[in-house]
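Quick notes on the structure that follows.
Numbering (the working numbering), first residue to last: 5 to 110.
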């Protein structure tokens, strides 16, 4: 059990099952580069609107990663739990609903 998340360690996650891990890592590294660029823009006192434009681009990129992970979670983890039924299905549905709510609020 992972002490930070409360979930099983090394579970068979959808993004791993579909071999998309490398694609997610590549996208996240690109986003990391965008954020480092934002830091440089602030350090260099770039024009506010230019910084805000880059913040928006970084936010959209993170949202795209989140939506991809959510889609895979629903299609793999939640669907599998629903097929098995019982308390695990209820837990996975509630967990997905909470994740969707967090994404909508962000």
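Backbone N, C-alpha and C fix where the C-beta goes; we use that ideal spot for every residue, glycine too.
Contact check, residue 4 vs residue 100 under 8 Å by CB: the rounded distance?
-> Outside the displayed range of the chain (5 to 110) lies residue 4, so it cannot be described from this structure.
Going by the beta-carbon positions, is the gap between residue 24 and residue 89 smaller than 9 Å?
-> By 1-based counting over the chain shown, the position of residue 24 is 20. By 1-based counting over the chain shown, the position of residue 89 is 85. Going by C-beta atoms, residue 24 is not nearer than 9 Å to residue 89.
Taking the alpha helix (DSSP H) that residue 60 falls in, what are its first and last residues?
-> The residue you call residue 60 lines up with position 56 of the chain shown. Start and end: 52-76.
Within 10 angstroms of the Cβ of residue 76, are there 16 or more other Cβ atoms? Answer buried if so, exposed if not.
-> The residue you call residue 76 lines up with position 72 of the chain shown. The Cβ neighbour count for residue 76, taken over all protein chains shown within 10 Å, is at least 16; the residue is labelled buried.
Thinking residue 62 and residue 42 are a contact (beta carbons under 8 Å), I'd like their distance in whole angstroms, please.
-> Looking up residue 62 in the chain shown gives position 58. Looking up residue 42 in the chain shown gives position 38. Right, their Cβ atoms sit about 7 Å apart.
Is residue 70 near residue 35, with beta carbons less than 9 Å apart?
-> Numbered from its first residue, the chain shown carries residue 70 at position 66. Numbered from its first residue, the chain shown carries residue 35 at position 31. No, Cβ-Cβ distance for residue 70 and residue 35 is not below 9 Å.
Please list, in chain order, all residues of the same chain as residue 93 whose beta carbon is under 6 Å from its beta carbon, the five residues on each side excluded.
-> On the chain shown, position 89 is the one that residue 93 refers to. Contacts found: 85, 86.
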